[in-house]
Amino acid sequence: MNHFQQSRISPSNDRISHRAIEIVESSLIPSLVLKLRTENEEIQKLLLETLAGCLRVEAFEALATGAVGILKEMLNHVSVEIRSRAAEALMAISVPLEGKNRVFQEGVFPDLVCLLNDDDAEVRGNAAGALMNAAVTTQGKYAAINAAAIETLLPLIHDEKSKVRLYSIKALTMLAEAPEGRKTLLCHMEEFQKRMKDPSEAVRRAANIAVEVITWKP
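The sequence shown begins at 18 in the numbering used here and counts up one residue at a time.
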């Protein structure tokens, strides 16, 4: 990896948005995606961090380069940091419709649900966030439901980390938009009502929205 690329992927949060735009405009995304399979673990961590920022700017080049399949493989990596950053990148790439569809086509939902049981809170939170974004579509909702996402997400709405609680509630709200999901979650309304008094304002808002969606009647 040359000095130009290293300067682009060195972590510096205060300039990540500007750097991400520069990388996207320089058409470096395909190269970064492909290097995930060839670089050592430390470089992979930097690549994933950079890609997560870039994917929030533009995801289409990464999708065309097969990023979803590569990121799926990295969800099972022995490194906690790589698992977490791969899930974070999948959360970002699942924002556009094309990304949601590709996550469904690549069968990533069972892998994300599996990560909800990870010992690391960042991994759990990013996996829940990826499910939250990918489950917006109808096919995504049912893929998540069939992968036992509801049962696995429910305990996480009481997680000690507010990020995990927030994304888990939002992901469950997405699944509640499917009749089967709503029927299941109606039996757990008390759990969401408890979170309406959460210390985090964002979690409280999410819990209120979840209750409204779950109790909605046509």
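Each residue gets a CB set at the ideal place from its N, CA and C atoms; glycine is no exception.
Excluding five sequence positions before and after Glu58, the CB atoms of its chain that fall closer than 8 angstroms to its own CB belong to Ser96 and Ile99, given in chain order.
Sorting Gln122, Leu63, Glu75 and Glu123 by C-alpha distance to the C-alpha of Ser101 places Leu63 at the top.
Taking a contact as a CB-CB distance under 8 angstroms, the pair Leu203 and Ile231 counts as one, their CB atoms being some 6 angstroms apart. Taking a contact as a CB-CB distance under 8 angstroms, the pair Glu78 and Pro47 counts as one, their CB atoms being some 6 angstroms apart. In this structure, the straight-line span from the alpha carbon of Arg199 to that of Phe121 is close to 21 angstroms. The three-state reading of DSSP puts Met213 in coil, since its state is none of H, G, I, E or B.
A check of alpha carbon separations from Leu72 across Leu49, His94 and Glu90 identifies Leu49 as the nearest. Contact between Leu132 and Arg141 holds: CB atoms are separated by about 7 angstroms, below the 8 angstroms threshold. In this model, Arg54 and Ser111 are separated by some 21 angstroms (Cα to Cα). Straight-line measurement puts the Cα of Pro196 at about 33 angstroms from the Cα of Ala81. If you ignore the 5 residues before and after Lys187, its C-beta comes within less than 6 angstroms of the C-beta of Met149 and Ala223, all in its own chain and listed in chain order. For Arg221, the enclosing alpha helix (DSSP H) covers residues Glu218 to Ile231.
For secondary structure counted as the alpha helix (DSSP H) over 4 or more consecutive residues, the region 83–162 holds these complete runs in sequence order: 84–91, 97–110, 114–122, 126–132 and 138–151. Around the beta carbon of Lys211, a 10 Å sphere encloses fewer than 16 other beta carbons of the protein chains shown; the residue is thus reported as exposed.
Met108 and Val228 have their C-alpha atoms spaced approximately 24 angstroms apart. In the DSSP assignment, Ile174 falls outside any alpha helix (DSSP H), carrying neither H nor E. Between the alpha carbons of Tyr184 and Ala144 lies a gap of roughly 9 angstroms.
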